[in-house]
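For reference, the structure is listed below as structure tokens.
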Amino acid sequence: MHLSTRETLLAAALLEASDTLSDGFDARRYLERLSDHCVEILGARAAGIMLINGGEAVSLAVSSRQQDVALDLLTVQHHGGPCIDSYGTGRPVPPVSISVAHAASRWPDFTERALRHDIVATFAVPLRRRETLLGALNVFVPTLPEHDAPPEGHWSVRLAQVLADAASVGLQNHRVYAEYRTLAEQLQMALSSRVRIEQAKGMLAERWGTGVDQAFMALRQYARRHRLPLDEVATGVIDGSVDRDDLSGGPPRSSQRLE
């Protein structure tokens with residue numbers, strides 16, 4: 358079986374869409390690349406993605422081809438357009454003629470701007486991950502699909518939805534990855550802090566000939582008096598920058614280091 362050029366491009370786009378588990382991930386560049394893939398695979402004039410939260414657009418990303426046009430057509434949709442409709446329903450907006458939509462007063466600001474840019478037709482699909490809607494992908498095409506093809510079942514809409522779904526999975530995966538990385542860093546910091554505190558307690562208990570509980574009380578009291586984090590005081594005990602007499606309640610002599 359021989360793969361077509363479109364199938365090869367789609368496979369490469371889906372592979373790229375899955376590659377989001379890295380610290381250097383750039384969401385805007387990621388969505389711009391998705392828009393470029395849509396243009397290339399679907400033979401579109403331009404494409405763009407609107408991320409939406411709480412009904413408001415929070416981020417825009419457009420294809421490198423006809424970049425200014427795509428950005429203008431996404432920006433004007435704050436007052437209504439295919440992206441907002443697709444996001445609102447969670448379903449694709451089938452291919453529609455710009456001139457017909459304008460005559461019917463559908464998305465008047467958007468269609469007027471699209472006519473200025475000589476856009477013939479457009480459609481949109483939602484960015485969704487199960488029940489979670491993230492935004493919408495808007496594609497601007499040079500012609501309407503065949504009249505005998507079911508609009509929502511047309512291959513271009515279905516391919517766009519596959520790409521949008523893949524990108525949604527990639528974005529959600531990166532979000533989970535980033536959350537786990539943050540949690541892991543917080544746990545590591547907490548563990549390191551606990552190790553330093555235990556080490557400082559042991560040093561003080563040995564030098565004073567007391568129990569670790571008394572040493573901990575001295576650490577905590579010093580931290581409260583000087584309004585310092587306990588971990589910072591423990592670090593000072595370890596490196597010798599905190600005065601021993603001051604720790605035990607004597608007069609502060611910050612220049613004297615622990616022997």
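Residue numbers (this note's numbering): 358 to 616.
We put the CB at the ideal spot given by N, CA and C, even for glycine.
Since residue i contacts residue j with CB under 8 Å, what's their CB separation in whole angstroms?
i	j	result
residue 433	residue 442	No, residue 433 and residue 442 are not in contact; Cβ-Cβ is about 14 Å, not under 8 Å.
residue 494	residue 406	5 Å
residue 427	residue 385	Actually they are not in contact, since the Cβ atoms of residue 427 and residue 385 sit about 14 Å apart, beyond 8 Å.
residue 464	residue 437	5 Å
residue 497	residue 430	7 Å
residue 377	residue 528	7 Å
residue 389	residue 361	Actually they do not touch by this definition, with Cβ atoms about 25 Å apart.
Mapping the DSSP letters down to three states, classify residue i as helix, strand or coil.
i	result
residue 611	Its pLDDT being 38, under 50, residue 611 is placed unreliably by the model, and the measurement read from it follows with that caveat. Residue 611 falls in the coil class under three-state DSSP.
residue 458	helix
residue 497	strand
residue 450	strand
residue 418	strand
residue 590	helix
residue 390	helix
residue 480	strand
residue 487	coil
Would you give the residue range spanned by the alpha helix (DSSP H) that residue i belongs to?
i	result
residue 439	439-446
residue 551	512-565
residue 426	424-432
residue 470	465-473
Should residue i be labelled buried (16 or more other beta-carbon atoms within 10 Å of its own) or exposed?
i	result
residue 394	buried
residue 545	exposed
residue 553	buried
residue 396	buried
residue 597	exposed
residue 439	buried
residue 514	buried
residue 458	buried
residue 372	exposed
residue 483	buried
In the DSSP assignment, find the unbroken beta strand (DSSP E) run with residue i in it and report its ends.
i	result
residue 378	First-last for residue 378: undefined, no H or E at that position.
residue 401	Segment: none, residue 401 is in no beta strand (DSSP E) and carries neither H nor E.
residue 585	No beta strand (DSSP E) holds residue 585; DSSP gives it neither H nor E.
residue 599	Careful: residue 599 lies outside any beta strand (DSSP E) and carries neither H nor E.
Would you mind working out which of the options sits nearest residue i, comparing C-alpha positions?
i	options	result
residue 557	512, 572, 546 and 549	572
residue 399	383, 436 and 452	452
residue 500	456, 440, 523 and 491	456
residue 446	420, 485 and 415	485
residue 487	379, 524, 439 and 574	524
residue 511	537, 481 and 533	481
residue 423	403, 560 and 369	403
residue 550	579, 595, 563 and 584	595
residue 534	367, 370 and 379	379
Does any heavy atom of the ligand ADP sit closer than 7 Å to the C-beta of residue i?
i	result
residue 543	Looking at this structure, you won't find the ligand ADP or any other ligand, since it has none at all.
Looking at the C-beta of residue i, does it have a partner C-beta in chain D at a distance below 8 Å?
i	result
residue 420	No chain D appears in this structure, which consists of one protein chain only.
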